[in-house]
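In the working numbering, each number is its position in the sequence shown, counted from 1, plus 103. Structure first, then comments.
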Amino acid sequence: MIPSKTFDFPSGREPETLYRFGPFTLLPHQHLLLKHGNRLVLGGRALDLLVALVERAGELVEKNELMARAWPRVIVEECNLRAQIVALRRVLVDDSGFNYIVTVPGRGYRFLIPEGATADEPIEPAEATGVPALVSELVGRQAALDTLAEDLRHRRLVTLTGAGGIGKSSVALALLNGEAAQRFDRRHYLDASRLVDAHALAERIAAELNLRMPLDQPQPQADGASAPHSLLLLDNCDHCLEPVAGAAQALLRWVPACRLLVTSREPLNVEGERVHRIMPLDCPEPGQPLTLEQALGHSAVRLLVERMTAHDAGFVLQETDLEPMLRVCRKLDGNPLALDIAAARVRVCGLRDLAQLLETGCHLQMKGRRTADPRHSSLEALHDWSYTALCPTEQALLRQLAVFRGSFTLGAVRSVVPGAAGQDDLLWLIERLVDKSLLQIRKNASTRRYCMSETTRAYALGKLEQAGEARTAIARYANYCLRLIKDAGSQLETTVDDLSAALEAEVPSPDAARQTPGGDRSLARPPLDVLRLSAG
104 MIPSKTFDFP
114 SGREPETLYR
124 FGPFTLLPHQ
134 HLLLKHGNRL
144 VLGGRALDLL
154 VALVERAGEL
164 VEKNELMARA
174 WPRVIVEECN
184 LRAQIVALRR
194 VLVDDSGFNY
204 IVTVPGRGYR
214 FLIPEGATAD
224 EPIEPAEATG
234 VPALVSELVG
244 RQAALDTLAE
254 DLRHRRLVTL
264 TGAGGIGKSS
274 VALALLNGEA
284 AQRFDRRHYL
294 DASRLVDAHA
304 LAERIAAELN
314 LRMPLDQPQP
324 QADGASAPHS
334 LLLLDNCDHC
344 LEPVAGAAQA
354 LLRWVPACRL
364 LVTSREPLNV
374 EGERVHRIMP
384 LDCPEPGQPL
394 TLEQALGHSA
404 VRLLVERMTA
414 HDAGFVLQET
424 DLEPMLRVCR
434 KLDGNPLALD
444 IAAARVRVCG
454 LRDLAQLLET
464 GCHLQMKGRR
474 TADPRHSSLE
484 ALHDWSYTAL
494 CPTEQALLRQ
504 LAVFRGSFTL
514 GAVRSVVPGA
524 AGQDDLLWLI
534 ERLVDKSLLQ
544 IRKNASTRRY
554 CMSETTRAYA
564 LGKLEQAGEA
574 RTAIARYANY
584 CLRLIKDAGS
594 QLETTVDDLS
604 AALEAEVPSP
614 DAARQTPGGD
624 RSLARPPLDV
634 LRLSAG
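This is the structure we're talking about:
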C-alpha cells in the first residue's frame, strides 16, 4: 500500500470510502471519478478497473484478475482490457504529466502516484444555471478542450463550428462542466434552437445574466457593468444566426464581465469572434498496417468500440473485427453521431455485414436514439436540417458537387456544373458551403481543393436523383474525366503510371458505381481503365 501521505485512504471499507490522488477523487460506491470536484465521464468497465487498481495501489494486479473484475462470468480477449486501460490513461491526466497506471509486461498493471504528493482540495464548483451534464464519455477531444480553455482565457467570444453530429455541443458542455470553467462566478446554458425570435432571445439572455434591460434595448451597460464574471453557452445556433449574432455583439459591447461560447454549423461572423472548427475523430489511413491495439489508438475506433459495448454488454472485440471496424469508421468519416447510430446495429448484424451495408447508403435511414433531438434522429434528418437552411442556388450546387468522388478544384466545378463557368459568385457559393460545414478544404503546395464527406455526398446524391438530375450530372463528370485523361495522354514523355498518379484525385475509384444513384457502372467506371487500354 502507498503511504498515507501520498494517498488519502481511510482504513475501513465502508460505503463512504473515497480515494484522493493528485487532483482526482474516486468514490467507488457511487461509481464516480472527480477532478477538482467535477465529475469525469468514464465508462462502467473502466471505472471497475480503476477501483480494482486503486484498492491495491502500488501492487501488481494480474490481467486475469482485472478481466474477471470488469467482465464477470464472461470470457474476453486481452485487447478489451488494453482498450479500457487506454481510456483510463487518457482521463487520468494532470499538470505534472505523471503516469498513474504502469504496465508490467506480460503480467498486468500497477497503480502509482508520485512520491510525496498530497491530496488536492477540490475547487468549489462555480454556480451553474441549467447546465446539462454529459451523459456519455467524451472520446478523442482532449486536445480541442485544452485549446478552447486557452482561447476562453483571452477571447470573449468563442464559436465552435463543424458538421452536424460532429460533437460541438458535447465538447462545449464538457468545457462548461470542466475545470477551465471554474474560474467564472456563474455558468449559464441556453438552447438557442428553441428561441428563434430576436426579442425573446434578448430577454432570455438578460434574465440569465440578471440584467434589468434586454440586450436589444439601447446601451444596457449600466445594468451589465456590475454583472458577475459569467460564462454563457449558446447552443445549437444554426437556424437563428441573425438574432444570436446581434445578442453576441451587444454582450461583447455592453457586458464586459460575460464570455460567450457558441455552437453552430457556421460562424456568427461578428467582431471579436474566435472560430474553432471541431474536426472528425481520428481514423487510420487506408492501407496502413495495424494491429488491434494500434487501431484503438485512433479516437474513431475507440468511440465505436465503446458504443458497441454500451449497446451490447456481451460484445467482445476479436482480432477478426479489425478490418470491418476500420471500414465502418472511414465510411462514416469519424463522425461521432454516425458512429453511435451504426454501433447500435452491430448487435443484430455484426461488424462485417454492417460494413457492407454502409456501402449501399442505407446508413442515412438508420434511426438514432429514442430520446434524440429530432434533427439527430437519423443521419438523413441531420442533413435535412442543413439542407433546408440553404437557399435554392446553394442546394442546387451541393447536389451537383456530389458527383465528385474525391476532391476537386474550382476549375473542375466550372467544367462540370452547368452554368458555373459564367457564375461570378461561384467562389462565394462554395465559400458558403464551406462555412456551413458541408464542404471541407484540402490545401497543398500547388492548389486548393474541396471535398465532401461520405455521408454528406450520399445524402446529396439522393437529392440529385430526386431532382431528376443524376444521369446528366454524372455523364458530365465522366466526360470531364475523359477530357483530363486525353489532355494528360498527350504528354508523350509521361508514363501511364505517372499519369494514373496525377489523375488519382480527379477520377472515381473502381467502386464508385456502388455510391452512384442506381449503381450504373457505365457512368462510374474509372476513366483510368480507358487510359491503360489506349496505352496498351
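From the three backbone atoms N, C-alpha and C, an ideal C-beta is built for every residue, glycine too.
Residue pairing by DSSP places G565 in no beta bridge whatsoever. Secondary-structure assignment with DSSP links Y553 through a beta bridge to F511 and I544.
Secondary structure within the region 223-279: the beta strand (DSSP E) runs of 3 or more consecutive residues, fully enclosed, are 230-232 and 260-264 (chain order). M411 has its alpha-carbon roughly 26 angstroms from the corresponding atom of H132.
Cβ contact annotation for Q352 (same chain, cutoff 6 angstroms, sequence separation greater than five): V373, in chain order.
The C-beta of T558 has 16 or more other C-beta atoms within 10 Å across all chains shown, which makes the residue buried. Where L163 is concerned, the enclosing beta strand (DSSP E) starts and stops at L163 to E165. Leaving aside the five residues that flank G417 on each side, the residues in its chain whose CB is nearer than 8 angstroms to its CB run, in chain order, V177. Counted as a single uninterrupted DSSP element, the beta strand (DSSP E) harbouring K138 occupies residues L135 to K138.
Secondary structure note for G211: its beta strand (DSSP E) is the uninterrupted segment G211 to F214.
Taking the Cα positions, A458 is about 6 angstroms away from P427. Separation of D385 and K434 (C-alpha to C-alpha, rounded to the nearest whole angstrom) is 13 angstroms. Residue pairing by DSSP places C361 opposite S333 in a beta bridge. The three-state secondary structure of R176, taken from DSSP, is coil. Of R289, A284, Q245 and L420, the smallest CA-CA separation from R185 is found for L420. Taking C-beta atoms as the reference points, L363 and L344 fail to come closer than 7 angstroms. The bridge partners DSSP lists for K434 come to none.
By the CB criterion at 7 angstroms, E369 and K539 fall inside the cutoff. Between L279 and L237, the CB-CB gap reaches or exceeds 7 angstroms. Around the beta carbon of E376, 16 or more other beta carbons lie within 10 angstroms, which makes this residue buried. The beta-bridge partner set that DSSP reports for E376 consists of L260. Linking A398 to A190 through their CA atoms gives a straight-line distance of about 13 angstroms.
Setting aside the 5 residues that flank it on each side, L298 is surrounded in the same chain by L304, R307, C343 and P346, each with a C-beta closer than 8 angstroms to its C-beta; the list follows chain order. Between R455 and H414, the C-beta spacing is not below 7 angstroms.
A check of alpha carbon separations from T264 across P175, D341 and D528 identifies D341 as the nearest. Judged by their CB atoms, H466 and L485 are not nearer to each other than the 7 angstroms cut-off. Note on geometry: alpha-carbon atoms of E568 and F214 lie some 58 angstroms from one another.
In the DSSP assignment, the residues bridged to V207 are G211.
Taking the C-beta atoms as reference points, V358 is found no nearer than 7 angstroms to T262. For T128, the uninterrupted beta strand (DSSP E) segment begins and ends at F127 to L130. Here V404 is buried: its Cβ has 16 or more other Cβ atoms, across all protein chains shown, within 10 Å.
Assigned with DSSP and collapsed to three states, D338 falls in strand. Checking the DSSP bridge columns, you'll see S481 partnered with K470. Taking C-alpha positions only, S556 is separated from L542 by approximately 7 angstroms. Beta-bridge partners of L152 (DSSP): none assigned.
Here the alpha carbon of R172 sits roughly 29 angstroms from the alpha carbon of I444.
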